[in-house]
Amino acid sequence: MRKDILIIGGGLGGLICGILLQKNNFNVSIAEKNKRVGGLLQNFKRKGCTFDVGMHYIGSAEKGQIVYKILKYLNIYDKISLHEMDTSGYEVFKIQDKTYTFPKGWEAFKNRLSEYFPNEKVAIVKYAETVQEASNSFDIINLRYPVSLNFGKNKFAETGIYDFIDELTGNDELKRVLSLMNSMYAGQKDKASLYTHAVIHNHYSQSSMKIEGGGEEIANALENEFVSHGGKIFVNEFIHKFETKDGLIESALSKSGHKFKADYFISGFHPSLTIDMIEGNYLRKPYRKRMQQLENTISTFSIHLVLKKPTFQNFNFNFHRYLQDEVWGADSYHPDTWPQSYLIYTPYNRESTTKCLSVFTFMSYSEVKKWENATNESHTESYKQWKEQRAQKLLKVVEKDFPEIIGNIDDMEVLTPLSYKDYLNNKQGECYGIVHDYKEVLKSLVLTKTQISNLYFTGQNVNMHGFLGVSIGSLLTAGNFIDINNLVKSISEQE
Ligand SMILES: Cc1cc2nc3c(=O)[nH]c(=O)nc-3n(C[C@H](O)[C@H](O)[C@H](O)COP(=O)(O)OP(=O)(O)OC[C@H]3O[C@@H](n4cnc5c(N)ncnc54)[C@H](O)[C@@H]3O)c2cc1C
2 MRKDILIIGG GLGGLICGIL LQKNNFNVSI AEKNKRVGGL LQNFKRKGCT FDVGMHYIGS
62 AEKGQIVYKI LKYLNIYDKI SLHEMDTSGY EVFKIQDKTY TFPKGWEAFK NRLSEYFPNE
122 KVAIVKYAET VQEASNSFDI INLRYPVSLN FGKNKFAETG IYDFIDELTG NDELKRVLSL
182 MNSMYAGQKD KASLYTHAVI HNHYSQSSMK IEGGGEEIAN ALENEFVSHG GKIFVNEFIH
242 KFETKDGLIE SALSKSGHKF KADYFISGFH PSLTIDMIEG NYLRKPYRKR MQQLENTIST
302 FSIHLVLKKP TFQNFNFNFH RYLQDEVWGA DSYHPDTWPQ SYLIYTPYNR ESTTKCLSVF
362 TFMSYSEVKK WENATNESHT ESYKQWKEQR AQKLLKVVEK DFPEIIGNID DMEVLTPLSY
422 KDYLNNKQGE CYGIVHDYKE VLKSLVLTKT QISNLYFTGQ NVNMHGFLGV SIGSLLTAGN
482 FIDINNLVKS ISEQE
């Protein structure tokens, strides 16, 4: 008889897990707190512009590459429209007055950086080769089987990227440039591993694609695929409590009063908030404490602009602006010197010019914490004022690089760390899940299995964030129920 699984949270992790398990003889239901599934794969519209709240581009989705194979296996590749970003510079970084572009492919990268730093070829080659080796070092993320889950036993996961780069060269400018991809994972210089940095740089170096309909296009395709196999989705169901019996979770209760019974439960949201829903002594104290003390990545503050008229050529790249020499330290800025950097991009658009622009910068949750339970009017009003001041401050900085914006704004939407926390029910509006510390790999590791034998985790807090990280995390979660080697083999054979 098919067993019942309830997945709590219909983000990328929940949806992929749902498809994998529903296709493999389980009856899967997803309970999602919002009115739509997708989580960070969500768009919103303003005056003809469609903006992403989270994911807007994905890596290694070219035929034969890993994300391509995953999309094919999930049967959604043909249902989304991907467009390759500028191969001569998919990431553009401007530090003070100097601009550096990262082209597609490692040969091009080595050549480009050697043009910027002609005397540093040895360090550049070593960086490129080590990053590829590190990215290749873990089986499942490369779809190799039989899968050996050598968590914590990977030398690249136990090496700090900052130290690695520091030892490569004495050239401070090159050190900064080689560190730049840390913004894709909000890296902290004393914690980020060579492995995380490598997977992310290698993944985007292979190919970078914008999603025509934004992240939501992926969410819609995943939802349709899940439902087409008989999966059930329950929206507006905020799960807030587990009922337990004989050491197992028996049911999950939603705030709207529904009770979801299942044989197994998979949480696609924060591990610490998940275990807070379990009363009694089912979890050992050190485990509960470790989950509760997991450090979260920094949050984000963003402005989404609709201009009065199409003003910009579409950017077929991400433009990252650093206002000072420091390219680390997103997490340790001082509010007075905020913003230290920003990312600006134009959502995909078929016309040659656009009036839509999104600007993201990092921001700590501590800036908004005092308003997290704001209910009275004056409290809400002070939040609005703060938000407007912050938006204007960021805008002023952006206008220095893009003066065409001045006097040309028709509409603007602002998202804060509080928007992310409230929308996603995460801990602190964190962008990329929990922080992994190369010095204490096991301490910051969230396994898919919990101490309760019918409760599991999935999503960006297991393994890694981003399309690649979360889908691999979903394979790991699904591997508790189905043969992971067969699964990985089937995915790796996709053409
Ligand atoms: C600003 C930003 C930009 C990004 N850009 C990219 C990008 O370009 N490319 C890329 O690959 N990655 C990107 N990422 C990362 C990527 O979007 C995430 O890693 C990924 O979408 C996370 O998926 P998830 O399922 O783990 O979590 P989430 O998307 O947070 O999903 C969790 C779901 O659980 C639901 N939920 C929570 N609590 C409950 C509850 N109690 N009951 C019911 N439902 C609940 C939430 O509503 C949500 O739908 C970006 C992230 C951010 C923040």
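Under our numbering, the first residue of the sequence shown is numbered 2, with each subsequent residue one higher. Backbone N, C-alpha and C define an ideal beta-carbon position, used for all residues, glycine too. Since this is a predicted model, take the numbers as computed values, not measurements.
Beta-bridge pairing of residue i - partner residues as DSSP gives them
i	result
cysteine 50	Arg47
aspartate 411	Beta-bridge pairing links aspartate 411 to no other residue.
phenylalanine 363	Thr301
glutamine 314	Thr354
glycine 60	Ser209
glycine 161	Ser194
threonine 1	Here the chain has residues from 2 to 496 only, and residue 1 is not among them.
tyrosine 283	Paired residue(s): none; tyrosine 283 is not in a bridge.
glutamate 235	A small fix is needed here, since residue 235 is phenylalanine in this sequence, not glutamate. For phenylalanine 235, which the question treats as bridged, DSSP gives the partners Ala32.
lysine 450	Tyr457
histidine 321	Phe94, Leu344
isoleucine 219	DSSP, once it has assigned bridges, lists no residue as partnering isoleucine 219.
Residue nearest to residue i in terms of C-alpha spacing, selected from the options
i	options	result
isoleucine 67	Asn481, Gly480, Ile473, Leu477	Ile473
glutamine 43	Cys50, Val132, Glu33, Val54	Val54
leucine 16	Asn76, Lys46, Met2, Gly49	Asn76
arginine 391	Phe363, Ile406, Asn409, Ala375	Phe363
serine 184	Ile201, Asp173, Lys176	Ile201
phenylalanine 468	Gly19, Met2, His57, Val123	His57
serine 149	Asn155, Asp140, Phe157	Asp140
alanine 135	Lys190, Lys99, Thr197	Thr197
leucine 308	Leu274, Gln341, Lys356, His271	Lys356
threonine 1	Leu396, Thr245, Asp337, Leu179	Nothing can be reported for residue 1, as the shown portion of the chain is limited to 2 through 496.
threonine 449	Thr275, Ser206, Glu217, Thr417	Thr275
valine 436	Asp423, Val463, Asp411	Val463
asparagine 120	Glu174, Val93, Thr100	Glu174
serine 26	Met2, Lys46, Arg47, Gly49	Correcting the residue type first, residue 26 is asparagine in the shown sequence and not serine. Selected option, being the one with the closest Cα: Met2.
alanine 263	Phe270, Ser383, Glu251	Glu251
glycine 269	His466, Tyr117, Asn377, Lys246	His466
glycine 480	Leu83, Ile267, Thr245	Ile267
Rounded straight-line distance, which links the Cα of residue j to that of residue i
i	j	result
lysine 256	histidine 241	6 Å
isoleucine 31	isoleucine 8	5 Å
lysine 507	lysine 64	The question about residue 507 has no answer, for the chain in this structure spans 2 to 496.
leucine 144	leucine 488	9 Å
tyrosine 186	tyrosine 91	17 Å
glutamine 293	glycine 12	21 Å
leucine 114	glutamate 405	31 Å
histidine 204	glycine 258	43 Å
lysine 370	serine 420	11 Å
phenylalanine 320	lysine 388	24 Å
isoleucine 483	histidine 335	48 Å
valine 398	glycine 281	51 Å
histidine 380	histidine 305	24 Å
asparagine 409	valine 415	17 Å
leucine 358	serine 273	35 Å
proline 287	lysine 122	48 Å
threonine 51	glutamate 213	10 Å
serine 475	asparagine 35	21 Å
threonine 1	asparagine 112	Nothing about residue 1 can be read from this structure; the chain reaches only from 2 to 496.
alanine 253	arginine 289	19 Å
glycine 470	tyrosine 323	26 Å
glycine 14	tyrosine 457	12 Å
phenylalanine 500	phenylalanine 165	Past the boundaries of the shown model lies residue 500; the chain is included only from 2 to 496, so the question cannot be answered.
tyrosine 343	leucine 446	29 Å
serine 303	lysine 4	42 Å
asparagine 350	tyrosine 424	26 Å
lysine 176	lysine 385	40 Å
glutamine 133	proline 340	32 Å
valine 236	phenylalanine 243	18 Å
asparagine 522	glycine 434	Outside the displayed span of the chain (2 to 496) sits residue 522, for which this structure offers no information.
lysine 422	threonine 131	36 Å
Spatial neighbours of residue i in its chain, beta-carbon cut-off 6 Å, leaving aside the 5 residues before and after
i	result
phenylalanine 316	Tyr346, Thr347
valine 29	Ile6, Gly19, Leu22, Gln23, Gly232
phenylalanine 157	Ala135, Ser138, Leu195, Tyr196
Residues of its chain near residue i, where Cβ-Cβ distance is below 8 Å and the 5 sequence neighbours each way are ignored
i	result
glycine 248	Tyr283, Ile453, Ser454
serine 493	Lys70, Leu144, Arg145, Tyr146
isoleucine 234	Gly11, Ser30, Ile31, Glu33, Val38, Glu224, Phe227, Val228
tryptophan 208	Residue identity differs from the one stated: residue 208 is serine in this sequence, not tryptophan. The answer, listed in chain order, is Gly60, Ser61, Ala62, Glu63, Gln66, Glu85, Lys105.
leucine 72	Ala62, Tyr78, Ile81
glycine 216	Gly39, Leu41, Leu42, Gln43, Asn44, Asp53, Val54, Gly55, Met56, His57
Residue i CB to nearest heavy atom of ligand 2 below 6 Å
i	result
lysine 70	Ligands present in the displayed structure are limited to ligand 1, and ligand 2 is not among them.
Spatial neighbours of residue i in its chain, beta-carbon cut-off 7 Å, leaving aside the 5 residues before and after
i	result
asparagine 155	Ser138, Phe139, Tyr196
aspartate 412	Arg47, Lys48, Val307
is_contact[residue i, chain D] using C-beta, thresh 7 Å
i	result
threonine 275	Structure shown: chain D not included; a single protein chain is present.
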